[in-house]
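Each remark here refers to the structure printed beneath this line.
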Amino acid sequence: MKYRILLFVSLLGLLSSCVGDDAPMVEDETEDGVTTTITEITNITDFEAQVNVSMENGTSNTITERGVVYGLENNPTVDDTKIIDTGSQNTFSANITGLSSATQYFVRSYFIVGGDASYSGGSEFETTDSCSENVFTGDVRLETQAELQAFGAMGYCKIDGTLRIGTILNDNDRISNLSSLSSIREVQNLLIVNTLVSNLDDIEITSLGRLLSVMENENLTNINKLNNISFVALGQLIISENPILTSIDGLVNVNSLGSTSFGDPELLIRDNDLLENLDGLQNLISIGGLGSVFIDGNQNLTNIDALSNIENVTSDFGISINISNNDSLENIDGISSITDCFSINIENNDALVSVEGISGFENLYSFFLEDNDSLNSLQTNIPIGEGAALVITNNNNLLDINGLESVGKLFSARISGNNSLISLDGLNNLVEIEFEFEVRNNSNLDDFCSITNLITSGGLLGNYIVNDNAYNPTQQDIIDGNCSQ
-12 MKYRILLFVS LLGLLSSCVG DDAPMVEDET EDGVTTTITE ITNITDFEAQ VNVSMENGTS
48 NTITERGVVY GLENNPTVDD TKIIDTGSQN TFSANITGLS SATQYFVRSY FIVGGDASYS
108 GGSEFETTDS CSENVFTGDV RLETQAELQA FGAMGYCKID GTLRIGTILN DNDRISNLSS
168 LSSIREVQNL LIVNTLVSNL DDIEITSLGR LLSVMENENL TNINKLNNIS FVALGQLIIS
228 ENPILTSIDG LVNVNSLGST SFGDPELLIR DNDLLENLDG LQNLISIGGL GSVFIDGNQN
288 LTNIDALSNI ENVTSDFGIS INISNNDSLE NIDGISSITD CFSINIENND ALVSVEGISG
348 FENLYSFFLE DNDSLNSLQT NIPIGEGAAL VITNNNNLLD INGLESVGKL FSARISGNNS
408 LISLDGLNNL VEIEFEFEVR NNSNLDDFCS ITNLITSGGL LGNYIVNDNA YNPTQQDIID
468 GNCSQ
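Residue 423 in our numbering sits at position 436 of the sequence shown, and the numbers go up by one each step.
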């Protein structure tokens, strides 16, 4: 999109307008005389502001979109955060919410004609800080409804520490209503554990730091209200054991996970029985440190496509990924943008038919593929790094292991319990195993010819364990050319 350079007629224009300055800024003008101007910014609070806009010829049918854009840098564009106005009058107001307190923001109004965006002059404002003298310093643990209401009556708007709501140790007076905490806007860490709430609509938190954990809430159906939160240096995100949770759309503002005082970054989505997708995590693009991703035990999860924007892994080693016990998951294409992954465990996903999502990985050092009964082939190159551990077990319908052709040197390999496997084709280029080669309990496996080079060249430096297959050649059998039946 082409952005037009704004012309300013005074030094005041060059410096942008300040809060309370009513003087309109010079704006772009189209051939049919459409212009836009911010006239005033009002109703500024800790977390909200109202931007009032006046347009010349704002009713023109050439306008395809109009609104305001804002951000933390000067001269924001439509590629930054924007609020679209759907009206057609010459004046309108845009309410900006979900801001951080005591923060300077830059804002411009805009309109689009013929695919080109035109802007007003820049304005700026700073949110207030009403919490500066109403802060609770330390951790807060609220285990009962009575405790929650008593703490809420104190009217704190910021907790400089951890707020824990609920506990797995209490079955009396369990928390069912969060409205008493509506004054709280900022917390460092938030845990909501074993409550009776059905949603988080009474939470008004707009800023959260290192940890978010929502666990064991038997009546919770959605976490939509979390979409008002600005996540600051989030490290650990845990959504676990919420049996009727159907949506995590409220996590749309999560864009990165990094190391914190709690440890390395972690994304854990586990045992949410009715969750069908991970929509809400589509803006997560970066995982730092020795990060971990666990997608485990979500019985109705059919895809993980919302993770497809994760590209930046800020670690020399990469992250570890565990995708297990998701009975309805058919593919793992959602992790296809990740390149830096040192370990992946794909286990007990009954409907899984494809692992092509890992084709973009570089140098895996641990590859576990276990108990995926619908998987019949690897369908892609598996990028196993030198010195890695390779485990392929109990995949009952796996017909072949083609896709391992890039494997040259391993620390260990275990291939067992794959009852449809008939050969080791795919290991043709394997030249060295440092510790152990174990092939057992593959009831139809009778062709070991693909490891002939490994055995005859003396590349197996450790144990050779081959038994309970359709054919169980010794190393001497393979050297003698008797590698199959």
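C-beta: ideal position from N, C-alpha, C; glycine also.
Next item on the list: Determine the DSSP secondary structure at Ala133, reduced to helix, strand or coil.
Entry: helix
Notebook entry, point to check: For Ala104, does the count of other Cβ atoms within 10 angstroms reach 16, so buried, or fall short, so exposed?
Noted result: buried
Next item on the list: Let me know the alpha helix (DSSP H) ranges lying completely inside the segment 378 to 445, each 4 residues or longer, listed in chain order.
Entry: 439 to 443
Next item on the list: Could you check if Met202 is buried or exposed, using at least 16 other CB atoms within 10 Å of its CB as the buried criterion?
Entry: buried
Notebook entry, point to check: With Leu207 and Ser185 assumed to form a contact (beta carbons below 8 Å), what rounded beta-carbon distance in angstroms separates them?
Noted result: 6 Å
Margin query: From the DSSP secondary-structure annotation, give me the bridge partner or partners of Tyr352.
Written below: Beta-bridge pairing links Tyr352 to no other residue.
Item checked: Where Cys118 sits in the DSSP three-state scheme -> helix
Item checked: Run of the beta strand (DSSP E) containing Ile31, from where it starts to where it stops -> Where Ile31 is concerned, there is no enclosing beta strand (DSSP E), given that its DSSP letter is neither H nor E.
Item checked: Nonlocal neighbours in the same chain, by C-beta distance under 6 Å from Asn383, ignoring five residues either side -> Asp360 and Asn406
Notebook entry, point to check: What residue does the alpha helix (DSSP H) around Asp464 start on, and which one ends it?
Noted result: Gln462 to Ile466
Note to self: Going by C-alpha to C-alpha distance, which of Gln269, Ile274, Ser227 and Gly245 sits closest to Gln286?
What the structure shows: Ser227
Check: What are the start and end residues of the beta strand (DSSP E) that includes Thr64?
Finding: Premise fails: Thr64 is in no beta strand (DSSP E) and is neither H nor E.
Margin query: Going by beta-carbon coordinates alone, are Asn459 and Asn429 separated by less than 7 Å?
Written below: no
Next item on the list: For Leu195, name the three-state secondary structure that DSSP assigns.
Entry: strand
Margin query: Helix, strand or coil for Glu334? Go by DSSP, reduced to three states.
Written below: strand
Notebook entry, point to check: Glu111 by DSSP, collapsed to three states: which one?
Noted result: strand
Checklist line | CB of Leu268 within 7 Å of CB of Leu238, strictly | finding: yes
Next item on the list: Pick out whichever of Arg53, Ser346 and Ser364 has its Cα sitting closest to the Cα of Asp327.
Entry: Ser346
Notebook entry, point to check: Under 7 Å between the Cβ atoms of Leu391 and Gly413?
Noted result: yes
Notebook entry, point to check: Taking the alpha carbon of Ala220 as the point to measure from, which residue in Leu195, Asp236, Leu232 and Ile438 has its own alpha carbon closest?
Noted result: Leu195
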